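Enquirer: Take 1344 as the starting number for the sequence shown in the numbering used here and just add one per residue.
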Amino acid sequence: MLIYFIRRRRNHRRSTLFNRPLEPDRLRMLDEIPLCRRIPQEYRKELCGHINVFLSEKTFEGCRGQRITDEIKLKIAAQACVLLLNRETDYFPRLTSLLIYPDAYWVNDNYEMAGQTIKGKAVNLGESWEQGTVVLSWKQISDELADQYCGHSLVLHEFAHQIDAEDGFLNGLPELGEGANYGKWADVFGKEYDGLRDGAVNGVEDVIDDYGAQDPAEFFAVVTEGFFLKPTEMRQAHVELYDELVKFYRLDPAGWNPDGASNA
């Protein structure tokens, strides 16, 4: 009974936030995001509503001197919430906080060599932790947003990992929903993943970034970036993969405005 009332109260609060108009300054910043300028008008109100809920529920923390501004919060939230459009959502339920670094940052990077564990460090731009945190480099995000044809989004990538891990497993197989054909998904994604790995070894260029050849989880995150940012090329080069992503995300970005004209 207590859980029922908690959920009811949460849903009421979310509904109130969802139906609240986005402030003019935030609408202006929204139109500075190339991907969001391409989104059809029919999804515009939904995106704004999701942004309101996201900003209310998630905590942003600056690291290494990074000051958290409304622009930072809005431009990260907006890209993340594109992944929620036209789908039932619980707003990245495992996520509670975002750590924002001003630039790339060092992390511990242990690896095996000749049967021994080697302790080292690596430079990262972003991470998605299963314990409820996403880590992002603001400079990387800013650089991507400054180039309309960049074709990459650190935010989409890390939040695709969040979606992937909602079932408790970060393995490139998110919860597909009731009635979904898991066998078809596995066949298509398995074939495409193997093809990308073979291509990466042989130096074959692909619209899918070869970073996705690392493992199935990275593959899902990378093809999510391509699906939203290079949809026409993705559909032409990987028809079956694109169709599976259309069914999963319930969107068809190849049909969106390619010029990124403002929806304001």
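The beta carbon of each residue, even a glycine, is placed where N, CA and C say it ideally should be. Source: prediction; values computed, not measured.
Quick one: any contact between the region 1571-1587 and the region 1353-1373, if contact means 3 or more CB pairs under 8 Å?
Expert: Verdict: no, contact absent.
Enquirer: Looking only at DSSP bridge pairs, what is residue 1403 linked to?
Expert: The partner list for residue 1403 (beta bridge, DSSP) reads 1441.
Enquirer: Using the DSSP secondary-structure output, state which residues sit across from residue 1480 in a beta bridge.
Expert: Per DSSP, 1444.
Enquirer: With respect to the beta strand (DSSP E) encompassing residue 1472, which residues constitute its N-terminal and C-terminal limits?
Expert: 1469-1472 is the span of the beta strand (DSSP E), which, as asked, contains residue 1472.
Enquirer: First and last residue of the alpha helix (DSSP H) that includes residue 1621?
Expert: For residue 1621 there is no data in the structure shown, the boundaries of the chain being 1344 and 1607.
Enquirer: According to DSSP, simplified to helix, strand and coil, what is residue 1550?
Expert: In this structure, residue 1550 counts as coil in the three-state DSSP scheme.
Enquirer: Here's a check: name, in chain order, each residue in its chain whose Cβ is nearer than 7 Å to the Cβ of residue 1422, leaving out the five neighbours to either side.
Expert: These residues qualify, in order along the chain: 1376, 1378, 1496, 1498, 1499.
Enquirer: If residue 1519 sits next to residue 1563, beta carbons under 8 Å apart, how far is it from one beta carbon to the other, in whole angstroms?
Expert: Their Cβ separation, rounded to whole angstroms, is 12 Å, which puts residue 1519 and residue 1563 out of contact at 8 Å.
Enquirer: Could you tell me the alpha carbon to alpha carbon distance between residue 1366 and residue 1395, rounded to whole angstroms?
Expert: If I take the Cα positions, the gap works out to 10 Å.
Enquirer: Got a sec, what are the start and stop residues for the alpha helix (DSSP H) residue 1571 sits in?
Expert: Looking at the DSSP string, the run of the alpha helix (DSSP H) that includes residue 1571 is 1559-1572.
Enquirer: Helix or strand or just coil, what does DSSP make of residue 1420?
Expert: Helix.
Enquirer: I'd like to confirm the pairing. Which residues does DSSP put opposite residue 1465 in its beta bridges?
Expert: The partner list for residue 1465 (beta bridge, DSSP) reads 1450.
Enquirer: Whose C-beta lies closer than 7 Å to the C-beta of residue 1596 among residues of the same chain, with five residues either side of it excluded?
Expert: For residue 1596, where only same-chain residues beyond five positions count, the Cβ hits under 7 Å are 1570, 1571, 1574.
Enquirer: Look at the alpha carbon of residue 1370 and the alpha carbon of residue 1566, and state the distance between them as a whole number of angstroms.
Expert: One C-alpha to the other measures close to 28 Å.
Enquirer: Where do the ends of the alpha helix (DSSP H) carrying residue 1529 lie?
Expert: Element bounds for residue 1529: 1525-1544.
Enquirer: In angstroms, rounded to a whole number, what distance separates the CA positions of residue 1430 and residue 1390?
Expert: If I take the Cα positions, the gap works out to 11 Å.
Enquirer: Where does residue 1436 land, buried or exposed, given buried means 16+ other C-beta within 10 angstroms?
Expert: By the neighbour-count rule (16 or more Cβ atoms within 10 Å), residue 1436 is not buried but exposed.
Enquirer: Measuring straight from C-alpha to C-alpha, what distance separates residue 1488 and residue 1558?
Expert: Their backbone Cα atoms lie some 27 Å apart in a straight line.
Enquirer: When burial is assigned at 16 or more other CB atoms within 10 Å of the CB, is residue 1517 buried or exposed?
Expert: Residue 1517 is buried by the Cβ-count criterion.
Enquirer: Near residue 1475, what residues of its chain come up, given a Cβ to Cβ distance below 7 Å and the 5 sequence neighbours on each side ignored?
Expert: Correct list, in chain order: 1437, 1438, 1439, 1440.
Enquirer: Less than 8 Å between C-beta atoms, sequence neighbours within five positions excluded: which residues of the same chain meet that for residue 1413?
Expert: Excluding residues within five positions, the ones whose Cβ falls inside 8 Å are 1368, 1369, 1372.
Enquirer: Could you tell me the distance, in whole angstroms, from the CA atom of residue 1503 to the CA atom of residue 1481?
Expert: For residue 1503 and residue 1481, the distance between alpha carbons rounds to 18 Å.
Enquirer: Among 1399, 1550, 1578, which has the Cα closest to the Cα of residue 1494?
Expert: Closest by alpha carbon: 1550.
Enquirer: Between residue 1508 and the rest of its own chain, which residues show a CB-CB distance below 6 Å, the 5 nearest in sequence each way excluded?
Expert: Excluding positions up to five away in sequence, the list reads 1473.
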